[in-house]
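Trainee: The structure that follows is given in the form of structure tokens.
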Amino acid sequence: MTIRCGMILLCLVYLVVGLDDGWVWNHFNASKTLLLENVLLNGAVLASPSKCSPDYYFHWVRDAALVTSALTDLWIRERGSNDIIPQVILKMADFNLQIQTMTETPCQCLGEPKWNVDGRAYTANWGRPQNDGPALRALAFIKFYENYGPSSLTKLAPLIKTDLEYVAKVWREPCFDLWEEVYGNHFHTRVVMYAALSRSSSLPFLDTVSTTYYSLQAKELLKVIQSEHLASDHILATVNVTGWTNKISNLDVSTILGVIQAGNCAQDVFPNGMDLVFKTATKLANTMASLYPINRRYPDIGPALGRYPEDTYDGTGNSQGNPWFLATLAVSEFYYKASLKEPHIADQRRGVFSRSKLFDAAEALVARVRKHASLDGHLSEEMNRETGFMTGAVDLSWSYAAFLTAILARQEALSKLDQFDD
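Residues -18 to -1, 1 to 404, numbered by mature numbering (1 follows the signal peptide of the UniProt record, and there is no 0), are exactly what the sequence shown covers, in order.
So, in structure tokens, the structure goes:
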């Protein structure tokens, strides 16, 4: 498939000498170890062990779901040599079953975004509900169930079914976005909801009435996504916004996150090809390459990417936003996966980019992560836009999950690199 758009993939013009595989796998193993350390014995997942400036010592449904998904991907790769991961995931399922049944919460719904790590509801003021969480949790445990098998059915069937019922009922309603700032209807939330509802059709423990209902809701949701979020030059992050006027560009890396988290279901949103996703990634890269001073200081590697251009969250308060590791890794993962599927990308300067160039684009972004990560593999939430030093929440679980999934995508792409068209 050819992408027919006159665009320049900014990342592709960076000279990449090549990543050191030794560094890649040392940091991959460090991410695995440090991520597992953030999973508590009761199955709660720390967003970060940081308890002040900022206090992230909580279980976020979204973050925990992404950890579950990443650990499942890791276990699939290491099956037979790492039997601890399934037991960890089943313990995580126990904790999620516990909080699913809690009715005395501020929003009194499954969209409650964060929990105390002992399973008590977090009752302070917060942006509620956040409806991507249940969808991502359903997707994560569907994937685990499909790979682990029927022995997990007793735990996972009610967990998955409860989330699917919720998603099917609330997908039309506005909620807060994954950054917990904007109230409206979000591409990221909607596309992972669509994926969860679509994936339900493969589950043998669901009755026909349920799967028919979920399928109908998925079809309706898909129409809404396609009619409201697909602009000519980039995916619109949010529509029907209430009470927030800061994000003028409506350009947000959450759209790329939604595409990779939805997996193959994302292709349904773009039936004529992924042109618009590439345009969005390119616009993000071009915008942020000039936005953050560290990108000008190290021009020989890919740009550090943040959440959105107007971001003011600096990791502890509000001043100027920074690049995030998970944002940079998300676009890298997208490029790695695209290199497996896209034979060529039309470019107005060179005519055609090969799949190997997409791989190089992904490598350039991982090289950026290497530039700012600690030598021993620790990753925070952000990298300071001026100095490049890590800032924000330390040992962020989502950062480690993002590194693991990006490198797993890299490994798959590497295995087929000799098949790439140059």
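For each residue, glycine too, the CB sits at the ideal point set by N, CA and C.
What you are looking at is a predicted structure, and each value in this text was computed from that prediction instead of being measured.
#1: Taking contact to mean 3 or more Cβ pairs, one atom from each stretch, closer than 8 Å, check whether the region 369 to 389 and the region 292 to 311 are in contact.
#2: Nearest-angstrom Cα distance between Met270 and Leu311?
#3: Is Gln401 helix, strand or coil by DSSP?
#4: From this set, Ala391, Leu357 and Glu368, which residue's C-alpha is nearest Ala12's C-alpha?
#5: Give me the Cα-Cα distance between Trp226 and Glu60, rounded to the nearest whole angstrom.
#6: Got a sec? Which residues, its chain only, sit under 6 Å from Gln249 by beta carbon, not counting five neighbours each side?
#7: Below 8 Å, can you find three or more Cβ-Cβ pairs linking the region 39 to 54 to the region 120 to 128?
#8: Enumerate in chain order the residues of its own chain whose CB-to-CB distance from Leu1 is below 8 Å, with the five nearest sequence positions on each side excluded.
#9: So, using beta-carbon positions, are Leu179 and Ala150 closer together than 8 Å?
#10: Would you check if there are 3 or more beta carbon pairs closer than 8 Å linking the region 192 to 199 to the region 137 to 153?
#11: Would you mind stating whether Met365 and Asn304 have Cβ atoms separated by less than 8 Å?
#12: Name the one or two DSSP bridge partners that Glu364 has.
#13: What do you reckon, are the CB atoms on Leu340 and Ala309 nearer than 8 Å?
#14: Please report the straight-line C-alpha distance between Tyr280 and Asn24, rounded to a whole angstrom.
#15: For Trp306, count the other beta carbons within 10 Å of its own beta carbon; 16 or more makes it buried, fewer makes it exposed. Which is it?
#16: For a test of the three-state rule: what should DSSP assign to Trp380, helix, strand or coil?
#17: For the structure I just gave you, are there three or more beta carbon pairs, one from the region 52 to 71 and one from the region 375 to 387, closer than 8 Å?
#18: From Pro132 to Tyr148, what distance separates their C-alpha atoms?
#19: Please name the residue in Ala103, Tyr290, Ile81 and Val21 whose C-alpha comes closest to that of Pro68.
#20: First and last residue of the beta strand (DSSP E) that includes Tyr165?
#21: Name the residue from Gln393, Ala139 and Ser338 whose alpha carbon lies nearest to the alpha carbon of Pro186.
#22: With a CB to CB cut of under 6 Å and the five nearest residues on each side skipped, what residues in its chain are close to Pro285?
#23: From this set, Val241, Ala103, Tyr104 and Gln82, which residue's C-alpha is nearest Lys176's C-alpha?
#24: Buried or exposed, going by whether 16 or more other CB atoms sit within 10 Å of the CB of Asn113?
#25: Mind listing, in chain order, the continuous beta strand (DSSP E) runs of no fewer than 3 residues lying wholly within the region 179 to 220?
#26: What would DSSP say about Tyr127, mapped onto helix, strand or coil?
#27: Pick out whichever of Thr220, Asp400 and Val235 has its Cα sitting closest to the Cα of Phe158.
#28: Rank Leu239, Phe260 and Ser209 by C-alpha distance to the C-alpha of His216 and give the top, closest one.
#29: What is the DSSP secondary structure of Phe385, counted as helix, strand or coil?
#30: Can you name, in chain order, every residue of its own chain whose Cβ lies under 6 Å from the Cβ of Tyr318, other than the five neighbours on each side?
#31: For Asp114, which of helix, strand or coil comes out of DSSP?
#32: How would you label Ser209, buried or exposed, when you count the other beta carbons within 10 angstroms and need 16 or more for buried?
#33: Under three-state DSSP, which class holds Ser91?
#34: Taking only three categories from DSSP, how would you classify Cys34?
Mentor: Once the coordinates are examined:
#1: yes
#2: Numbered from 1 along the sequence shown, position 288 holds the residue referred to as residue 270. Numbered from 1 along the sequence shown, position 329 holds the residue referred to as residue 311. When rounded, the distance between both Cα atoms is 14 Å.
#3: For the purposes of this step, residue 401 is taken as residue 419 along the sequence shown, with counting starting at 1. Looking at Gln401 - three-state DSSP - the assignment turns out to be helix.
#4: Taking the sequence shown and counting its residues from 1, the one referred to as residue 12 is at position 30. Looking at the Cα atoms, Leu357 is the closest of the given residues.
#5: Start at 1 with the first residue of the sequence shown, and residue 226 comes out as number 244. Start at 1 with the first residue of the sequence shown, and residue 60 comes out as number 78. Going from the Cα of Trp226 to the Cα of Glu60 covers about 44 Å.
#6: The residue labelled residue 249 in the question sits at position 267 within the sequence shown. Correct list: empty, nothing qualifies.
#7: Contact between the region 39 to 54 and the region 120 to 128 is present: three or more C-beta pairs spanning the two stretches fall below 8 Å.
#8: For the purposes of this step, residue 1 is taken as residue 19 along the sequence shown, with counting starting at 1. Same-chain partners within the cutoff: Glu345, Val348, Ala349 and Arg352.
#9: Position 197 of the sequence shown, counted from the start, is the residue given in the question as residue 179. Position 168 of the sequence shown, counted from the start, is the residue given in the question as residue 150. The answer is yes: Cβ separation under 8 Å.
#10: yes
#11: On the sequence shown, position 383 is the one that residue 365 refers to. On the sequence shown, position 322 is the one that residue 304 refers to. Yes, they are a contact pair.
#12: Here the question's residue 364 lines up with position 382 in the sequence shown. DSSP lists Trp306 and Thr373 as partners of Glu364.
#13: Residue numbering aside, residue 340 sits at position 358 when the sequence shown is read from its first letter. Residue numbering aside, residue 309 sits at position 327 when the sequence shown is read from its first letter. Their beta carbons are not under 8 Å apart, which means Leu340 does not touch Ala309 by this criterion.
#14: Along the sequence shown, read from residue 1 onward, the residue named residue 280 stands at position 298. Along the sequence shown, read from residue 1 onward, the residue named residue 24 stands at position 42. Going from the Cα of Tyr280 to the Cα of Asn24 covers about 43 Å.
#15: Counting from 1 along the sequence shown, the entry for residue 306 is found at position 324. Counting Cβ neighbours within 10 Å, Trp306 comes out buried, since at least 16 surround it.
#16: In the sequence shown, counting from the first residue as 1, residue 380 sits at position 398. Of the three classes helix, strand and coil, the one that applies to Trp380 here is helix, per DSSP.
#17: yes
#18: Taking the first residue of the sequence shown as position 1, residue 132 is located at position 150. Taking the first residue of the sequence shown as position 1, residue 148 is located at position 166. Between Pro132 and Tyr148, the C-alpha separation is close to 24 Å.
#19: As a working note, residue 68 is residue 86 in the sequence shown. The residue with the shortest Cα to Cα distance from Pro68 is Val21.
#20: Here residue 165 corresponds to residue number 183 of the sequence shown, with the count starting at 1. Its beta strand (DSSP E) spans residues Tyr165 to His168.
#21: As a working note, residue 186 is residue 204 in the sequence shown. Closest option to Pro186, Cα to Cα, is Ala139.
#22: As a position in the sequence shown, residue 285 is number 303, starting the count at 1. Answer for Pro285: Ala267, Met270, Ala271 and Asn277, listed in chain order.
#23: To locate residue 176, count along the sequence shown from 1; it is residue 194. The amino acid at residue 176 is misidentified as Lys; the sequence shows Tyr. From the listed residues Val241, Ala103, Tyr104 and Gln82, the smallest Cα separation to Tyr176 is found for Val241.
#24: On the sequence shown, position 131 is the one that residue 113 refers to. Result: buried.
#25: none
#26: In the sequence shown, the residue the question calls residue 127 occupies position 145. Helix at Tyr127.
#27: Working through the sequence shown from its first residue, we reach residue 158 at position 176. Ranking Thr220, Asp400 and Val235 by Cα distance to Phe158 puts Thr220 first.
#28: For this step, residue 216 is matched to residue 234 along the sequence shown. It is Phe260.
#29: As a first step, residue 385 is located in the sequence shown; it is residue number 403 there, counting from the start. Three-state result, Phe385: helix.
#30: As a first step, residue 318 is located in the sequence shown; it is residue number 336 there, counting from the start. Excluding sequence positions up to five before and after Tyr318, its CB lies within less than 6 Å of the CB of Ala344, Ala391, Arg392 and Ala395, all in the same chain and listed in chain order.
#31: For the purposes of this step, residue 114 is identified with residue 132 of the sequence shown, where counting begins at 1. If DSSP states are grouped into helix, strand and coil, Asp114 belongs with the helices.
#32: For this step, residue 209 is matched to residue 227 along the sequence shown. By the neighbour-count rule (16 or more Cβ atoms within 10 Å), Ser209 is not buried but exposed.
#33: Here residue 91 refers to the residue found at position 109 of the sequence shown. In the sequence on display, residue 91 carries Cys and not Ser. The answer is coil: DSSP assigns Cys91 none of H, G, I, E or B.
#34: On the sequence shown, residue 34 is found 52 positions in, with the first residue counted as 1. Note: Cys34 maps to coil in three-state DSSP.
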